[in-house]
Amino acid sequence: MSLAFQAEGLVKRFGKTTALAGIDLAAEQGSVLGVLGPNGAGKTTAVRILATLLRPDSGRATVGGHDVVKDAGAVRRLIGLTGQYASVDEDLTGTQNLVLIGELLDLRRRDAKVRAAELLDWFDLTEAANRPAKTYSGGMRRRLDLAASLVGRPAVIYLDEPTTGLDPAKREDMWGVVRSLVGDGSTVLLTTQYLDEADALADEISVIDHGKVIAHGTPAQLKQIAGGQTILVRPTDPARLAEVSGILAAVAQREPESPGRGVLTVPIDDDRAFPTVVRRIEEAGIGVMELSLRLPSLDEVFFTLTGKPATAEVAA
Amino acid sequence: MTTTIERSPAPVTSAGPSGPPPARTFRVARHSLALARRSLIKTLRTPEQLLDVTLQPVMFVVIFVYLLGGAISGSQTVYLEYLLPAIMVQSVMFASVATGFSLNTDVKKGVFDRFRSLPIARSAPLIGSVLGDLARFVVSIAVLLGFGYAIGFRIGTNPLTALAGCLLVIFFASAITWIFVLLGVIMREPGAVQGTAFLVLFPLTFGTNMMVPTDTLPGWLQAWVKINPVSDVMDAARALITGGPVGDTVTKSILWSIGIIVVFAPLAVRFYRRRV
Ligand SMILES: Nc1ncnc2c1ncn2[C@@H]1O[C@H](COP(=O)(O)OP(=O)(O)O)[C@@H](O)[C@H]1O
Ligand SMILES: [Mg+2]
């Protein structure tokens, strides 16, 4: 097994703020590492160090065995970065943006154009190819930005909150892109604030808070720590809440909670509990407005891990 | 831990930064030109940006020639010959501020993050910006000469010598640009770049023989005007475009330009590298 990148004990301070307080991250080649954390946790800072844009105050990081500080040039040949905020050039068209990157990566102009067309097609931007990027929607800009980071077919790709602010359908599209990148053999570091996203994409997840890794594991391991999944039921007729409560308690072997009026939730340890609940509610003839199986939110994960809500400012 | 990752169908064909010097210089040049094209496209796409490098000098000419020309030289045409080459120098110097301004904007917006994560020389984006903005100087000079021609200005030497004069002015302005590139890289806000730039430019451009000959000025001002290299460049431009003694003004202009580049370009690259 070989690591695509590895960071050990990274520390970074900005004035009095400690953005990273000794962080370790690593991913095997061809895998997806999810870095999960709330706003201000240090995700972007970590990505920027791994992308050679920032120097750590201490600690070290390597990509493909090359040190990000001492051998930044070699690292830059391996990586593609899609930052949290799109860094496309607004005055240039989609094509011009991508051709420029291709030329800077030493492609011949003709090859750069071919590659640009290929990527624009993949990201559904062919129609907008010759319009300045300032006329693009937020989602289109993101896609162009991602395309720009893929021009050189990088072996390691950093995606800093690629789906924040996207609507659910666009989010699914982005997930598809990430999966196909990994299918092509790339290694992906993906930061996110959503456990379900990390769960859907990552092979391993590092949960970070205040610049420290507070938990690391596979999605299954993390979900176990964080109380696994939760069933939520909202009967159409509030009068039948007591009955629903009885069913949930019987299946989950736990007392359900009511986080809101007319809603009941109960954590479950076993995936098979959900179909059982669905069946019993149906058998009892109870109509439901809402019936879902959901992962804990980042807040709930944080609460379990730290006993505090996931707001950096509160705890600071 | 001797992992090696290969880029899949790898487009890396050249020797890279550690390659032999000629290949490296060649790559920097190629990358700079690609980035210069980017600046050029941006200029062409927003031609209103050129208003300040065209309208402003034209306005200066109108104001000075018609308001002061008669009083200073007794003849507006004579004064126009004296003034216009100097205004050319001033206008390209003002035009060079924009390079620092847009550089600062790009760094702030994160456009340069992309460049900085690519395996290209750190100097390439800066050189590219300076080269790309040469177009602004050309436009500024062309408009000024065209307008001058319309109100009676004539080249007093020959077209080739006059062209050499224009190129000298452009060369000097590209040297000055490096000062503003440095400011653009150091400062936090585009507005601060502009403000500081004008603080530098006013004494440099107005503290010259641009409007009136040096010997009509008070002593303390004469001292400044004489050491101010912009006076030399203005004299050189006058000599090459309208005629008159060249003296050592051309040599001095070239030496000053080279000196400014040698000092400010490496400084700008160094601060750009450190700005993280
Ligand atoms: N350039 C900077 N200057 C000052 N503080 C910064 C800078 N970049 C990040 N920080 C601070 O460092 C902390 C971590 O930020 P960041 O890495 O952006 O977190 P995340 O990406 O997880 O939201 C935050 O408190 C942020 O305010
Ligand atoms: Mg961030």
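Chain order of the listed sequences is U and F.
For reference, each letter of the first sequence is one residue, going 245 to 560 in the numbering used here.
For reference, each letter of the second sequence is one residue, going 17 to 292 in the numbering used here.
A virtual CB, placed ideally from N, CA and C, is assigned to each residue, including glycine.
Asked, Found
"Give the residues from the stretch 308-329 of chain U that approach chain F closer than 7 angstroms (Cβ to any Cβ), ordered along the chain.", "G308, G309, G317, R320, R321, L322, I323, L325, G327, Y329"
"Taking Cβ positions, are F:G85 and F:L96 nearer each other than 8 angstroms?", "yes"
"Helix or strand or just coil, what does DSSP make of F:S91?", "coil"
"Can you name the residues that DSSP bridges to U:K256?", "U:L264"
"Report yes if the C-beta distance between U:T474 and U:V495 is below 8 angstroms; otherwise report no.", "no"
"Could you run through the stretch 106-134 of chain F and flag, in chain order, every residue whose CB is less than 9 angstroms away from some CB of chain U?", "D122, K125, G126, V127, F128, D129, R130, F131, R132, S133, L134"
"Would you say F:I143 reaches chain U, if we count a Cβ-Cβ gap shorter than 8 angstroms as a contact?", "no"
"At the level of alpha carbons, what is the spacing between U:G581 and U:D440?", "No answer is possible for residue 581 of chain U: the residues shown for chain U start at 245 and end at 560."
"Specify, as a first and last residue, the run of the alpha helix (DSSP H) that U:V291 falls within.", "287-294"
"Per DSSP, which one or two residues make a beta bridge with U:A270?", "U:Q250"
"State the Cα-Cα distance for the pair U:G420 and U:R354, rounded to the nearest angstrom.", "29 angstroms"
"Would F:S145 pass as a contact of F:V197 if the rule is Cβ separation under 8 angstroms?", "yes"
"Compare the C-alpha of F:W194 against each of F:S139, F:K268, F:M226 and name the closest.", "F:S139"
"Closer than 7 angstroms, Cβ to any Cβ of chain U: which residues of the stretch 144-156 of chain F, in chain order?", "none"
"Rounded to the nearest angstrom, what separates F:F169 and F:P206 at their Cα positions?", "37 angstroms"
"Considering just the uninterrupted stretch of the beta strand (DSSP E) at U:K456, what are its terminal residues?", "456-461"
"Whole angstroms is fine: what's the gap from U:V313's alpha carbon to U:L388's?", "28 angstroms"
"Do three or more CB pairs link the stretch 425-433 of chain U to the stretch 271-286 of chain U at distances below 8 angstroms?", "yes"
"Counting contacts by CB-CB distance shorter than 8 angstroms, is F:A255 in contact with chain U?", "no"
"According to the neighbour-count rule (16 or more other Cβ atoms, all chains shown, within 10 Å of its Cβ), is F:L78 buried or exposed?", "Looking at the sequence shown, residue 78 of chain F is not Leu but Val. Exposed: under 16 other Cβ atoms inside 10 Å."
"With a threshold of 8 angstroms, are at least 3 pairs of Cβ atoms found where one atom belongs to the stretch 216-230 of chain F and the other to the stretch 242-260 of chain F?", "yes"
"Please confirm if the stretch 476-485 of chain U is in contact with the stretch 521-536 of chain U, defined as three or more CB-CB distances below 8 angstroms between the two stretches.", "yes"
"Do U:A263 and ligand 3 come close, with the Cβ less than 7 angstroms from some heavy atom?", "Summarising the ligand content, the structure contains ligand 1 and ligand 2 and does not contain ligand 3."
"Can you look up U:R478 in the DSSP assignment and give me helix, strand or coil?", "strand"
"Between the alpha carbons of U:R304 and U:D514, how many angstroms are there, rounded?", "41 angstroms"
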